[in-house]
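Heads up: the sequence shown runs through residues 1 to 603, numbered per full-length UniProt numbering. All remarks here apply to the structure that follows.
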Amino acid sequence: EEELPDGLGENCSQEEEEDDSESDASSVAGLSPNGSVALISRNCIKCLTPPAEAQEQMLKPALVCSLFPNVPPTIYFSTRNERVEKLPWEQRKLLRWKMSTVTPNIVKQTISRSHFRVSKKSNDWLGCWGHHMKSPSFRAIREHQKLNHFPGSFQIGRKDRLWRNLLKMQTRYGKKEFNFFPQSFILPQDIKLLRKAWEEGASRQKWIVKPPASARGIGIQVIHKWSQLPKRRPLLVQRYLHKPYLIGGSKFDLRIYVYVTCYDPLRVYLFKDGLVRFASCKYSSSMKSLSNKFMHLTNYSVNKKNTEYKSNSDETACQGHKWALKALWSYLTQKGVNSEAIWEKIKDIVIKTIIASEPYVNSLVKMYVRRPYCCHELFGFDIMLDENLKPWILEVNISPSLHSNSPLDVSIKGQMIRDLLNLAGFVLPSMDNVASRPGTGSNSTPSLVSAVKQKPKPASELFTAEKMKRAYYLTQKVPDQDFYSSVLDFLTPDDVRILVEIEDEYSRRGQFERVFPTHISMRYLRFFEQPRYFNILATQWELKYYLNKHKGLELLRNWCVKGYHTGGGTDLAQMWSLPKSFFLQKSNIQSNGFSKLELGRLG
C-alpha cells in the first residue's frame with residue numbers, strides 16, 4: 001500500500017468544480033493500474049507538502065469511544081486544523097480504502113488525515129466512495145465494508161423515477177401533503193396526457209424539458225411551443241416555475257446535502273450549510289429570453305461559461321453568483337423573512353421524498369446487502385423557492401459533486417464530508433473478518449463483542465418473545481400513538497441494539513441535523529408503504545426522551561451492562577405480562593412466520 005500524502009490537493013485549483021454533477025472525477029489523484037494513488041498533475045506537487053503550521057495542529061485520538069459499555073469505538077476523521085494520532089501498526093494496517101475514478105479529492109484528503117492507505121487488493125478495504133452499482137453487485141460487499149450507496153436509490157436519483165414515486169404518494173395521500181414537485185410528464189409514454197394538459201393551459205405557459213438521467217444542465221431547454229418539443233427520445237417535461245423568488249433580479253436554487261445512514265430504521269440527516277447557486281443573467285419572463293441558459297438555469301457548470309459570472313470566496317458574504325446557505329438565511333432574515341420556517345418546510349419535503357424511495361431500497365437491501373452497516377448515502381437535493389418562498393424540489397442527485405477549488409467550497413464541503421464520515425461510524429474489523437474469503441462471510445463482527453454492529457439473527461434464532469412483540473406492533477396498520485406508546489415498556493435485545501446505535505450515531509453528528517427520527521416523526525409513519533417495527537420503536541424513543549436525553553442514555557447503559565443487547569439475560573416474565581391481546585391475535589402472528597411449535601408454546 002501507499003499512504004495518502006497529507007494535504008493532497010488542499011491548495012490546488014486544478015480540479016474543475018461541478019456542483020451539480022452526478023459524479024465527479026479527480027484530476028489531482030487518479031487510480032494507477034496497481035491500485036495506488038497516482039499523482040498526475042505537475043502543478044499540484046506543492047499540494048503534497050504538509051502545511052507549515054502542522055506542528056501546531058491539535059492532536060486527536062484515532063478512535064471515538066461509544067457512549068455505552070461493551071460497544072466498540074469508531075474511527076475518527078479530523079478537520080484540517082487537527083492531527084490524528086497513529087494507531088499501533090497491527091490496527092493501522094487495517095485502515096485501507098478502495099479508490100475509484102470518482103473518489104473526490106475532498107474525501108481523499110479527509111481519509112488521509114486518519115492514516116488510511118490505498119488498498120491494492122480488491123477485497124481488503126474498509127471504505128469506498130465510488131460509482132453506484134447494479135443491485136446484485138452489492139452482494140460482494142463484506143460485513144466490515146462500507147460503500148457510499150444503497151441499492152435502489154436511483155428511485156429518487158433519476159428524474160423520471162422521482163416523479164413517478166412522488167406522483168404515487170400524491171395519489172395516495174393527497175396534493176396537500178405531496179405538492180412540492182412541479183407537474184411532470186415522462187415521454188414518450190405520457191405524450192397524450194401532456195398534450196391534454198398543454199391544451200388546457202394558458203396561452204403563455206412555459207415548460208422545461210430534461211433528459212431523465214443527465215446532470216450539469218446538459219440537454220435542458222425551456223420551451224413554450226408544442227413544435228419545440230424534441231421527438232423520439234426519453235424526456236421529462238415539467239411545468240416551469242415561472243415566478244421564482246429573486247435576489248438582485250436573479251433566480252437561484254439551493255443545494256441541500258441529505259445523508260441517510262440507514263433505511264431500517266430510517267435515519268435521515270441534513271447538513272446545516274449548503275450552497276446557493278445563482279443564474280448569471282437577471283431574470284425576465286419574456287418568451288424571447290427562453291433560450292438564454294444563463295438566465296433560466298442555475299447550474300454552475302452552465303453559468304461559469306458566462307463572462308459576467310462572478311465567483312465568491314467568502315462564506316459569510318452575500319456577493320457573486322454562489323453563496324453559502326447560511327449567508328442566504330442571514331440575508332433573508334435581514335429582509336424580515338422567517339428563514340426558520342423555510343428550513344422547516346425543506347426538512348418536511350426531504351423526509352417525504354426519502355420515504356417515497358423507502359420500500360424499494362429496503363427490499364433490495366434485504367435481498368442483496370449482508371448487513372445494514374455496509375451502506376450509507378449522501379444525496380444532493382436541488383430546491384428552488386417560488387415568489388411566495390415555498391420550496392420546490394427540482395431533482396435529487398445520488399452522487400452530488402464534491403469538487404472544491406474555492407475557499408467557499410472547501411469550507412462547506414470539507415466540513416460536511418468530515419462530519420459525514422464520523423457519522424458513518426467506521427469500525428476496525430477483527431483480523432479473522434478481514435482474512436475470511438469474500439464469499440464466506442465470517443460470523444464474528446468487526447472487532448467487536450457488541451451486537452450493536454451485528455447482523456440481525458435469522459428469524460428462526462430470534463426469541464419467540466421478540467418475534468411476538470414485533471408481530472404485535474405491526475398488527476396496527478394505521479399509526480396510533482396510544483397503541484405504540486407501550487413499545488418501550490419492555491425492551492428486547494434487538495431493541496437495545498438499535499437504540500444504542502441510534503444514540504451513538506447522534507452523538508457523532510457534527511453539523512448535521514437529524515430530521516428523522518425526531519419527537520415529531522409520528523406524523524410521517526402513515527406515509528410508509530408498510531409499517532416498520534424499528535421505525536415505531538425509534539419514534540417512540542425520541543418522543544419519550546427528547547427532553548431528557550440523560551435519562552434515556554442511563555437506561556440504555558444499564559441494559560448494556562446487563563448484557564441484554566448481546567442476546568442474553570432477557571427477562572421473559574416481563575414479556576408475559578403484556579396485554580392479553582398481545583397473544584390472542586394468532587391470525588396475525590401466524591402470518592408473521594411463527595411455527596406451530598412456537599404457537600404451541602404460547603398455548
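A virtual CB, placed ideally from N, CA and C, is assigned to each residue, including glycine. Values in this document were obtained by computation on a predicted structure and should not be read as measured data.
- DSSP places residue 190 outside any alpha helix (DSSP H), giving it a letter other than H or E.
- Taking a C-beta distance under 7 Å as the contact criterion, residue 153 and residue 398 qualify as a contact pair.
- The alpha helix (DSSP H) runs of length 4 or more contained entirely in the segment 216–270 do not exist; there are none.
- Taking C-beta atoms under 8 Å as the contact rule, residue 489 and residue 466 fail to qualify, at a distance of about 14 Å.
- With contacts defined by Cβ atoms closer than 7 Å, residue 256 and residue 381 form a contacting pair.
- DSSP lists 64 as the beta-bridge partner residues of residue 74.
- Shown here for residue 110: same chain residues with a beta carbon closer than 7 Å to its own, the five before and five after excluded, namely 77, 417, 418, 421 in chain order.
- For residue 483, the enclosing alpha helix (DSSP H) has its first and last residue at 481–484.
- Taking all protein chains shown into account, residue 136 has fewer than 16 neighbouring C-beta atoms within 10 Å of its C-beta and is therefore exposed.
- Going by beta carbons, residue 322 and residue 306 fall outside the 7 Å limit.
- Secondary structure at residue 395: strand, using DSSP grouped into helix, strand and coil.
- One thing to note: residue 384 has its Cβ no nearer than 7 Å to the Cβ of residue 246.
- Sorting 318, 518, 157 by C-alpha distance to the C-alpha of residue 335 places 318 at the top.
- With a contact defined as Cβ atoms closer than 8 Å, residue 187 and residue 395 miss out at about 17 Å.
- Within 10 angstroms of the beta-carbon of residue 504 lie 16 or more other beta-carbons, which makes it buried.
- Distances from the alpha-carbon of residue 404 to those of 376, 480, 281, 275 put 275 closest.
- Pairing residue 66 with residue 424, the inter-Cα distance amounts to about 13 Å.
- Residue environment: residue 234 is assigned as exposed (fewer than 16 neighbouring CB atoms within 10 Å of its CB, all protein chains considered).
- When only Cα atoms are considered, residue 68 and residue 166 end up about 40 Å apart.
- Assigned with DSSP and collapsed to three states, residue 384 falls in strand.
- Nearest to residue 278 by alpha-carbon distance, out of 497, 302, 520, is 302.
- In the three-state DSSP reduction, residue 556 falls in the helix class (H, G or I).
- Put simply, of 498, 531, 400 the residue whose alpha carbon is nearest the alpha carbon of residue 107 is 400.
- Excluding the 5 residues flanking it on each side, residue 193 has same chain C-beta neighbours closer than 7 Å at 185, in chain order.
- Taking the Cα positions, residue 130 is about 6 Å away from residue 103.
- Here the alpha carbon of residue 480 sits roughly 10 Å from the alpha carbon of residue 526.
- Around the beta-carbon of residue 368, 16 or more other beta-carbon atoms lie within 10 Å, marking it buried.
- DSSP, read as helix, strand or coil, puts residue 317 in coil.
- Taking 7 Å as the cut-off, the Cβ atoms of residue 295 and residue 283 count as close.
- Under the 8 Å Cβ criterion, the segment 386–394 does not count as touching the segment 75–90, having fewer than three qualifying pairs.
- For residue 82, the enclosing beta strand (DSSP E) starts and ends at 82–84.
- In this chain, the alpha helix (DSSP H) harbouring residue 538 covers 533–545.
- When only Cα atoms are considered, residue 180 and residue 483 end up about 32 Å apart.
- Among the bridge pairs identified by DSSP, residue 208 is matched with 222, 238.
- Looking from the CA of residue 204, the closest CA among 212, 190, 225, 210 belongs to 225.
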